[in-house]
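Undergrad:
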Amino acid sequence: MKLLLISKQYVNANNELNYEIDSLNFKRMNKQVSLESSNFDGREFVLIEHIKIENTILAIIENEGIIYYIHCKKRQVIATPYINGFTDLSVDLKVELKYEGYSIEKTKYSYVIKDTSGNELELNNEIFKKGVSEIEELKRGTEEEPFIYLSITYGKYISFLEYTKKTDSFAFKTSFVTSLFNEQQIKTKLLSNNVIKLPALSKQSVKKSDLHRDGEIIILANGKMQLQLPYVILINNRSFLVSPHNSGKEIKINENKIGELLLLSSDFNVRQSEKGFVFVGKVQLTSDHFKVNQIVNKSGELLANVKMTDAHTMNFEIPFSKMSLFQDIHNPIIAAFNGKKLFRIQKTDSVDGQSKNLEIANKAGSSLILRLTVGNRFVITVLEESPIYTKSGMRKINFAKKIASLYRIFSRKKVNLYFEKNTSSASESGFAVFEAVKKDKSIQSTNRFVLDEQAAEYQGLKRKYGKDLITRYSLRHYINIFLAEHFISSELSNHVLAVRVFEPNLAKKIRSTPLYFLQHGIMFAKPIDNPMAIGFHKASQTNNLIKTVISSDLEANEFYRMGYEDSDLMKTGLPKLDVARLNDDASRIAFMPTWRYWEEGQVANGSLEKTTYYKVLIEVMEAFEKAGLLDRLLLVPHNKFAEFFTDQSDQYKDIICTNPSEALKQSVVFITDYSSIIYDSIYRGGYPIFYWKEKDYLIKNYQAVPSLNETNAPGKIAMDADELIAYVNEAINSNYVIPSDIKEKYLKINEFSDHGNTKRVLNQLKKDNVL
0 MKLLLISKQY
10 VNANNELNYE
20 IDSLNFKRMN
30 KQVSLESSNF
40 DGREFVLIEH
50 IKIENTILAI
60 IENEGIIYYI
70 HCKKRQVIAT
80 PYINGFTDLS
90 VDLKVELKYE
100 GYSIEKTKYS
110 YVIKDTSGNE
120 LELNNEIFKK
130 GVSEIEELKR
140 GTEEEPFIYL
150 SITYGKYISF
160 LEYTKKTDSF
170 AFKTSFVTSL
180 FNEQQIKTKL
190 LSNNVIKLPA
200 LSKQSVKKSD
210 LHRDGEIIIL
220 ANGKMQLQLP
230 YVILINNRSF
240 LVSPHNSGKE
250 IKINENKIGE
260 LLLLSSDFNV
270 RQSEKGFVFV
280 GKVQLTSDHF
290 KVNQIVNKSG
300 ELLANVKMTD
310 AHTMNFEIPF
320 SKMSLFQDIH
330 NPIIAAFNGK
340 KLFRIQKTDS
350 VDGQSKNLEI
360 ANKAGSSLIL
370 RLTVGNRFVI
380 TVLEESPIYT
390 KSGMRKINFA
400 KKIASLYRIF
410 SRKKVNLYFE
420 KNTSSASESG
430 FAVFEAVKKD
440 KSIQSTNRFV
450 LDEQAAEYQG
460 LKRKYGKDLI
470 TRYSLRHYIN
480 IFLAEHFISS
490 ELSNHVLAVR
500 VFEPNLAKKI
510 RSTPLYFLQH
520 GIMFAKPIDN
530 PMAIGFHKAS
540 QTNNLIKTVI
550 SSDLEANEFY
560 RMGYEDSDLM
570 KTGLPKLDVA
580 RLNDDASRIA
590 FMPTWRYWEE
600 GQVANGSLEK
610 TTYYKVLIEV
620 MEAFEKAGLL
630 DRLLLVPHNK
640 FAEFFTDQSD
650 QYKDIICTNP
660 SEALKQSVVF
670 ITDYSSIIYD
680 SIYRGGYPIF
690 YWKEKDYLIK
700 NYQAVPSLNE
710 TNAPGKIAMD
720 ADELIAYVNE
730 AINSNYVIPS
740 DIKEKYLKIN
750 EFSDHGNTKR
760 VLNQLKKDNV
770 L
């Protein structure tokens, strides 16, 4: 079953739109309902009894070509395929023709509209999709026809079938109209998608386009009903403040973001209690008539109830037990009224402009940091529990800063730090360059590698390199970060400590230290203009990035697109590939989906099974099992997923590998969606396959189109599980010989094969007087 629409005010789902769904969580009823596909067989049925909501679409689902509307009627939550009033449980649409040349007739589930030429359009879920949904089925007959052909009303939804002359197109233009603080119950009437009228207050109508342009419009009151108090109209994502003006003789309407319309000023003090984070503050709204009674998260889920000690003083406590509701790394704290989000909790008068950690707690495996952002808004950052964010960790950091300052008085010897992803491995280009530096006896600088004590390589490397191997989170680690004159790494600077660093002193030093970026892979896969990659563009780069390793002119073009110049790049090839080989007994078939950053919050709070990342791992595993190839499969997932699988059953232990470098050595076939690791595999002789069943979903969430596509991808491209298994068998039957056309595409992405990449990097570092 696919989720086509969801009303987030009332419902949460465990998946994204247009993706498979198996349950719905009805927030206000505090009920989660499993959705069995067998129940959606063309009939209608009741999901929940005894509710207070009426005439509301909660969700729309598609199963085997039939669309089902989850809606409220007769104090019940109902699943029905009918929107034509055919049954007592169906959605009852009110359809009003505005042009006599059109006709409308009932169908089995809906209505069909016919234009003057006999063209037909059957109404479906598009009429509930807020905004503009263009249609092609209907045609305009003559210029004399109106621009509005019909209106469709259901509850707070109103949709107009309109013709737009400028684009010569038809569209359903749908609005969801509600109001807040509307004690006089003044009704909002839409005459079209663009025209608002308040018939109880004024004979005049207002164009939304004029409001959007001017911000404010004043109309004459009609005298029938005097507006006593201001209120807010909400139409889709737009907010309008309606206020009495000129002693009630006029009505003033303003458009802005709802927070701008309601909030004048706010200031909060925060502290930590045994149970959670406590906020006490002064809030001044644009009218004393407006109220805040709840604090919610981004999804509208309740975090706390607000207590008002006087007209403008509020306090609330967000319990640690509610932190599992946060789905992202950085989570805004939002003031609400009866479930409707109003504005973010903030300090409006602060001029500091500095990000600050206000309170830190370690609970249930997570580090929770209550922060004030640069924009003076409060957020709760949720990370995996870390030694950084403890009282002893903070004391250690402060002491290290003082020690480093004293050390600099007595020694000017250069200190360079090397590290890899999250300082948790020694198998990438960072370590390859470090080893080469330690072998070069002419180098006079101090060069040290940082590694987590839990890494498999740690003990052996500690014996080999002694004090030049720095233990992660140790006092020496913090001291050397403050001492370092250069970072040399296959990752960006923050990885010298952790993926995310929110300790202000360390964060400042890490960002300012010059970085030679060796890259962990060739940058020619995921889109460089996706929102998460914008920070790597030169104009927004927060690291002190000196030079970046590239492997080809094709890759250089990606950097040019991000604002870099030739002087920012060093075309040397990836050092780690100099020693890249397949094991003699390599026989595995690896699958490593690229990380989906938009699901990090779910991973942090333990909801791994709800992620699409988890589901694609299961899907591939089941496909291999069905094909009799499970014993050859090697899943290379995020560490959290690897732990989850192995905790579930011993049967997974033999098919899980948490170290991508080890997986590369063992795998004669390598499968991914958009991970650049596949280029490493090709270099070693691994047979490459791209699994793009979720291509559209990934592109939607990347919010950008990857450079890698059907014409330049160096590998076979599978669009479903059956095709994936077919290509795997093709690789096996060909004895893993990579076709020549794939090799040609690969050599455009990676031009180097002489095993001299590390030497070229060392020459550049010496030239730049780093070593």
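Using numbering that gives the first Met the number 0, you'd call the opening residue of the sequence shown number 0 and step up by one each time.
A virtual CB, placed ideally from N, CA and C, is assigned to each residue, including glycine.
#1: Could you pull the start and end residues of the beta strand (DSSP E) that residue 382 belongs to?
#2: Could you check whether the stretch 281-292 touches the stretch 310-327, counting it as contact only if at least three pairs of C-beta atoms, one from each stretch, sit closer than 8 angstroms?
#3: Where does residue 141 land, buried or exposed, given buried means 16+ other C-beta within 10 angstroms?
#4: Taking only the alpha-carbon atoms, compute the straight-line gap between residue 181 and residue 131 and give it to the nearest angstrom.
#5: For residue 289, which of 274, 197 and 240 has the nearest alpha-carbon?
#6: Hey, could you find the ends of the alpha helix (DSSP H) residue 459 is sitting in?
#7: Could you give the distance in angstroms between the alpha-carbon of residue 693 and the alpha-carbon of residue 701?
#8: Mind checking which residues open and close the beta strand (DSSP E) that includes residue 544?
#9: Please classify residue 455 as buried or exposed, where buried requires at least 16 other C-beta atoms within 10 Å of its C-beta.
#10: What are the boundary residues of the beta strand (DSSP E) that includes residue 596?
#11: Looking only at DSSP bridge pairs, what is residue 0 linked to?
#12: Run through the stretch 702-746 for me and flag every whole beta strand (DSSP E) of 3 or more residues, listed as ranges in chain order.
#13: Should residue 449 be labelled buried (16 or more other beta-carbon atoms within 10 Å of its own) or exposed?
#14: Along the chain, which unbroken stretches of the alpha helix (DSSP H) at least 4 residues long are found entirely within the stretch 364-430?
#15: Where do the ends of the alpha helix (DSSP H) carrying residue 211 lie?
#16: Under 7 angstroms, do residue 488 and residue 429 count as touching if we go by C-beta distance?
#17: With H, G and I counted as helix, E and B as strand and the rest as coil, what does DSSP make of residue 436?
#18: Measuring alpha carbon to alpha carbon, tell me which residue in 654, 699, 713 and 661 is nearest residue 677.
#19: CB residue 108 to CB residue 90, shorter than 7 angstroms?
#20: How big is the Cα-Cα spacing for residue 509 and residue 479?
#21: Given a threshold of 16 other Cβ atoms within 10 Å of its Cβ, counted over all protein chains shown, does residue 730 qualify as buried or as exposed?
#22: Have a look at residue 773 and residue 347 and give me their C-alpha separation to the nearest angstrom.
#23: Could you pull the DSSP bridge partners for residue 253 from this structure?
#24: Going by CA-CA distance only, name the one from 300, 642, 663 and 358 that's closest to residue 11.
#25: In terms of alpha-carbon separation, which member of 276, 338, 155 and 740 lies closest to residue 176?
#26: Taking just the CA atoms, how far does residue 481 sit from residue 661?
#27: List the DSSP bridge partners of residue 587.
#28: Just to confirm, is the Cβ distance from residue 513 to residue 476 under 7 angstroms?
#29: Answer yes or no: do residue 325 and residue 373 have a C-beta to C-beta separation smaller than 7 angstroms?
#30: Which first and last residues belong to the beta strand (DSSP E) in which residue 74 is found?
#31: Can the beta-carbon of residue 201 be found less than 7 angstroms from the beta-carbon of residue 220?
#32: Would you say the beta carbon of residue 579 is closer than 6 angstroms to some non-hydrogen atom of the ligand PLP?
#33: Need the endpoints of the beta strand (DSSP E) that residue 510 sits in, please.
#34: Drop a sphere of 10 angstroms on the beta-carbon of residue 62, count the other beta-carbons inside from all chains shown, and report buried for 16 or more, exposed for fewer.
#35: Looking only at DSSP bridge pairs, what is residue 178 linked to?
#36: Quick check on the DSSP output: the alpha helix (DSSP H) that includes residue 476 runs from which residue to which?
TA: By the coordinates alone:
#1: 377-383
#2: yes
#3: exposed
#4: 27 angstroms
#5: 240
#6: 457-464
#7: 12 angstroms
#8: If you look at residue 544, you'll find it in the beta strand (DSSP E) that goes 543-549.
#9: Burial call: exposed.
#10: That residue, residue 596, is in no beta strand (DSSP E); it is neither H nor E in DSSP.
#11: Beta-bridge pairing links residue 0 to no other residue.
#12: Within the stretch 702-746, the runs of beta strand (DSSP E) that reach at least 3 residues and sit entirely inside it are, in chain order, 715-717.
#13: buried
#14: 390-409
#15: Start and end: 207-213.
#16: Between residue 488 and residue 429, the CB-CB gap stays under 7 angstroms.
#17: helix
#18: 713
#19: no
#20: 11 angstroms
#21: When all chains shown are included, residue 730 counts as buried.
#22: Beyond the ends of the chain as shown, which are 0 and 770, falls residue 773; an answer cannot be given.
#23: 215 and 240
#24: 300
#25: The option with the nearest alpha carbon to residue 176 is 155.
#26: 33 angstroms
#27: In the DSSP assignment, residue 587 forms a beta bridge with 666.
#28: Taking 7 angstroms as the Cβ cut-off, residue 513 and residue 476 do not qualify as a contacting pair.
#29: no
#30: Here residue 74 belongs to no beta strand (DSSP E), and DSSP marks it neither H nor E.
#31: yes
#32: With respect to small molecules bound, the structure shown includes none, and the ligand PLP cannot be examined in it.
#33: Note, residue 510: premise wrong, no beta strand (DSSP E); alpha helix (DSSP H) at 503-511.
#34: buried
#35: 232
#36: 474-482
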